[in-house]
Each structure stands twice: as structure tokens, then as C-alpha cells.
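Residues 783 to 1196 in the numbering used here are what the sequence shown lists, from first letter to last.
Report on one structure; see the data block that follows.
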Amino acid sequence: MTLPDTVKTIPSDIFNECSSLREMNFPSSLEVIEYDAFWGTGFTEIVLPDSVVSIWNYAFKNCVNLRSIDLGNVVSLGDGVFMGCSELTSIVFPDTIRDLSGNYMFDGCSKLTQITFPSIPVAVEYSFLDGSGYYNDASNWENGVLYLNRHLITVNDDFVSKTEYTVKEGTICIANHAFVGAGISLKVKKITLPEGLLSIGAGAFNKCSLLTETNIPSSVRYVGKDAYYETALYQVGKTNYLDHWLLSYAPQSNQTKFVVEEGTVGIAEGKLFSSGAFSITEVVLPDSLKVIGECNFESMSAVTSIKLSKSLERIGKDAFRYCYALSDLDLSVCTSLKTIEDYAFSFCKAMTRFYIPASVQELGEGVFNQIPNVVVDFEIEESEIPAGWSKSWDFTYADVPVIANWGVKNDSSF
């Protein structure tokens, strides 16, 4: 079967249980494969075009004859995408992959033993290898810990009695909920993380209720939401810092000013103000700050101005979403800024102009969404757009498109 070149999305369930469907030519226009689209089909081989960005939950579940798949340049995979593909023996993830946080992605893939990962940290859920041949092979476990190409994936029952653990050198990522794998509370009190670690996943140390001693290496650029929740290091309802990272914040009643401690290098993922943000009119960030995490300042609707750090390297997804009154946010000083993630400034309707320095190598989808008549000045020329930019960086639901100016000199005069 050959799909027409106009197809961008394959909808949910459209080929569900079509067991006689054994091959398909996917068009270069294809971007998304939705839920259960090819559940139970007879594919033996799949070759996806480089245009495919996302594959949703259970899209290829129970394709029991599938032996080979080329993922092209896919970015994210959902829950149970290849669950029950019992003949699949190997898979190669492209350098474009960013999100493998789906659960039980390869459950029932009993022959899957060869998995090739890129050399960058990937958002991984602790259960994504559960039930695979790799997971079931005892030789892949090191003292109760499962690693995959410099990623610490999960732990099992052999880890439960440990009171101290040192994550092995060279590890760059700890998976989401990594220490939940044993299913019960752990006895570990001290965990040492290596320098060179880049990412600590969401809820990584859940079940480590006795954990009183650990470190966040200076190399880390991502600490997931609730990474230390349920540990002895985290006080519910309090402001929590750990090794120069702000993990959570407890606002005071009618508070008008929010100050991040001097020396802080990062803010963990997640909304800092679940409520009470409406009274905050002033935000003070230290010069040391390198990371603003996902949703950190979301819905701080009364803030008009925020001075960003020259050291800033990353602005997370939805970081300033719904900051309706924010009209002064100067990115021209952020000459070390590498990453601006999806919808970072969405609904910042008082902003009329942004400056994006040449240092930005990753620009997410819809960064300037719902900002009417916004002008974006780029230091680079349009011909110099980095490979890491989303094709939909200028996507917006607003009636008026984003106006882009290219090759604009950084003079901070806008």
C-alpha cells in the first residue's frame, strides 16, 4: 500500500487489526502516527521517512511479524508503541530522539536484545524496557541496576537492601522514576552521582524515603519534577534547595517579590507556584542561573519585568506561559543560551519584541504562540538555522503570524 504525498497524519485505529497488511510506503509528508494506528498489522519491516516526528501510544502494538524498523528522524514515542512485537530483535534510535518517556514500550519483545542509543541524554521512563529481551537478560544488570548506553534505567529487588550506591562513571542520564523499579521502599541512605551527569529524571528518587545524602554534579542541566519528592531531603510545603538547585518553592501569603538565592544554577522542572502567583509583581534571578525549567514561571500574570542571567543556557517548555503582563524580557544578554523549548513564551501577550542570540541551537515548537503582532529579531541569518530548531518554531494559534527579522546585530536597542 502506498499513501498519497499529502498525508501528514495517520489517524488512530485506521489500520487496527489489519493482519493482512504486510507493507506500506510512507510519504515524505508524514509527521505523526496516532494511537493504535497499526495495531496487529502484518508488517515484517517498517521504514519511516525522516519527516515523522511523533509516534503515539500503541501505534504498532502486536505486530507479531515485525523484524525490522527504521525510525528515520523521530523525536518521541508513546506508551507501548512496540508492545508485543515478539520477533523484533534490534532497534536503533536516531540522534533526533528526545522523548522515550512512554511506559512498557517493548513489553513482550522477548527477542529484543540489541538497542542502540544516541550519545545524548534522552528522557526515558524506568519501565520502557520492561518485558524486553534486554531487560530479561541477567547479564545486563549490575548489582540490581539496569544501564543502557550511559543511561541508568531502573533497579530491581537486588537493590532493595543497599544502603549506599555510587552511580557508575560515564552515566549521563537517570531515568524518570528510576528507583521505583523494585516496587517497594528502598533502604538506600546515600547515592553518589558522577561528574558528567547531565539529566536527573522526574521522580527519579521516589521510593528512596531514607535518602539523606546525595549530590547534584555541576554538569547537570536538567532536574525533573519531583525528582527528590518522598526522600528525607525534601520537605513537603517548604522551599527546598539542593546543591545550588531550587527544587520547590513555598510562597508566603500576599507575597509580591520572588527571589532565587544567589549561587543557584538551576530550577527543577515544574510550576513553582501552584497557587498564589497572582500577587507576585517582581522576580529576582541570580547571575549564576543557568537553567529555567519547564513551567517554572507559568501563570505569574502580574509580573511585568524579569532580568535574565548572562549565564542562562536553557529555558524549559512553557517556562513563561500565561505571563500576560510580562513586557520586559531581554534575551540579548543571554549569549550562552543554547535551548528554548516548546511554547516557552506562549501567551506572553504584552511582549512585542524578542531578540534571539546566535548561540541558540534548539528552538522548540510554538515558542511565541498567541502573542499578537510579535516581532522576533534573530542574530543569525535565515540560511543559518541550526538543525536543532523545530520546523514549527513560529507556529501560533493567533490570527497574526510571527514577524521574523534575520541577521539583526545585537545592540540591545529594541
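Heads up, the beta-carbon is just placed ideally off N, CA and C, and yes, glycines get one too.
Pair within 7 Å by beta-carbon distance, residue i and residue j
{"i": "Gly913", "j": "Lys893", "result": "no"}
{"i": "Pro831", "j": "Gly854", "result": "yes"}
{"i": "Asn847", "j": "Thr826", "result": "yes"}
{"i": "Thr945", "j": "Tyr908", "result": "no"}
{"i": "Glu1012", "j": "Asn988", "result": "yes"}
{"i": "Ser1118", "j": "Gly1146", "result": "no"}
{"i": "Cys1105", "j": "Val1073", "result": "no"}
{"i": "Val1182", "j": "Asn1155", "result": "yes"}
{"i": "Arg849", "j": "Gly824", "result": "no"}
{"i": "Asp940", "j": "Gly926", "result": "yes"}
{"i": "Thr994", "j": "Lys969", "result": "no"}
{"i": "Ser967", "j": "Ser991", "result": "yes"}
{"i": "Glu1205", "j": "Glu1076", "result": "As shown, the chain starts at 783 and ends at 1196. That puts residue 1205 outside it, with no answer to give."}
{"i": "Gln1152", "j": "Ala1180", "result": "yes"}
{"i": "Val1065", "j": "Ile1097", "result": "no"}
{"i": "Asn798", "j": "Asp818", "result": "yes"}
{"i": "Leu812", "j": "Val835", "result": "no"}
{"i": "Ala986", "j": "Ala1009", "result": "yes"}
Helix, strand or coil at residue i according to DSSP, with G and I counted as helix
{"i": "Ser836", "result": "strand"}
{"i": "Glu1164", "result": "helix"}
{"i": "Asn997", "result": "coil"}
{"i": "Gly915", "result": "helix"}
{"i": "Asn1022", "result": "strand"}
{"i": "Ser921", "result": "helix"}
{"i": "Ser1195", "result": "Reliability fails at Ser1195, whose pLDDT of 47 lies under 50, so the model's placement of it is uncertain and the value that follows must be treated cautiously. Residue state, collapsed to three classes: coil."}
{"i": "Ser981", "result": "strand"}
{"i": "Ala1186", "result": "strand"}
{"i": "Phe987", "result": "coil"}
{"i": "Asp881", "result": "strand"}
{"i": "Ala905", "result": "strand"}
{"i": "Asp1124", "result": "coil"}
{"i": "Ser1061", "result": "helix"}
{"i": "Asp940", "result": "helix"}
{"i": "Phe1040", "result": "strand"}
{"i": "Val857", "result": "coil"}
{"i": "Met783", "result": "coil"}
{"i": "Val1002", "result": "coil"}
{"i": "Ser1156", "result": "Note that residue 1156 is Val in the sequence shown, not Ser. Correct three-state label for Val1156: coil."}
{"i": "Val1066", "result": "strand"}
{"i": "Val962", "result": "helix"}
{"i": "Asp1112", "result": "coil"}
{"i": "Leu803", "result": "coil"}
Exposure label - residue i; buried when at least 16 CB within 10 Å
{"i": "Leu965", "result": "A quick correction: the sequence has Gly, not Leu, at residue 965. Gly965 should be labelled exposed."}
{"i": "Ser1195", "result": "Residue confidence for Ser1195 is low, a pLDDT of 47 falling below 50, so the modelled location carries little weight and cannot support an answer."}
{"i": "Gly1019", "result": "exposed"}
{"i": "Ile873", "result": "buried"}
{"i": "Ile837", "result": "buried"}
{"i": "Glu1164", "result": "exposed"}
{"i": "Thr1178", "result": "buried"}
{"i": "Leu934", "result": "buried"}
{"i": "Met1082", "result": "buried"}
{"i": "Ser981", "result": "buried"}
{"i": "Thr1121", "result": "buried"}
{"i": "Leu882", "result": "buried"}
{"i": "Val1138", "result": "Looking at the sequence itself, residue 1138 is Ile, so the reference to Val does not match. It counts as buried."}
{"i": "Asn1187", "result": "exposed"}
{"i": "Ala1169", "result": "exposed"}
{"i": "Pro793", "result": "exposed"}
Where the beta strand (DSSP E) containing residue i begins and where it ends
{"i": "Thr936", "result": "His933 to Val937"}
{"i": "Ser872", "result": "Ser872 to Val874"}
{"i": "Arg1135", "result": "Arg1135 to Ile1138"}
{"i": "Tyr1179", "result": "Tyr1179 -> no beta strand (DSSP E), and no H or E assigned at all."}
{"i": "Ile828", "result": "Glu827 to Val829"}
{"i": "Gln896", "result": "Gln896 to Thr898"}
{"i": "Tyr929", "result": "Val927 to Leu930"}
{"i": "Trp1027", "result": "Trp1027 to Ser1030"}
{"i": "Ser850", "result": "Ser850 to Asp852"}
{"i": "Tyr1011", "result": "Looking at the DSSP string, Tyr1011 is not in any beta strand (DSSP E), and its letter there is neither H nor E."}
{"i": "Ile973", "result": "Lys972 to Thr974"}
{"i": "Thr948", "result": "Glu946 to Thr948"}
Rounded Cβ spacing between residue i and residue j (contact assumed at less than 8 Å)
{"i": "Ser1070", "j": "Ser1091", "result": "7 Å"}
{"i": "Leu975", "j": "Asn958", "result": "Wrong, their Cβ atoms sit about 16 Å apart, outside the cutoff."}
{"i": "Ile815", "j": "Ile851", "result": "That pair is no contact at about 12 Å."}
{"i": "Thr953", "j": "Leu930", "result": "About 10 Å; that fails the 8 Å criterion."}
{"i": "Glu1044", "j": "Pro1068", "result": "5 Å"}
{"i": "Asp1184", "j": "Val1142", "result": "One detail in the question is off: residue 1184 reads as Val in this sequence, not Asp. The Cβ separation is near 15 Å, so there is no contact."}
{"i": "Trp1027", "j": "Val1047", "result": "7 Å"}
{"i": "Asp1176", "j": "Phe1150", "result": "7 Å"}
{"i": "Phe864", "j": "Phe842", "result": "5 Å"}
Residue-chain proximity (residue i, chain B), Cβ-Cβ < 7 Å
{"i": "Phe1150", "result": "In the structure shown, chain B cannot be found, because there is only a single protein chain."}
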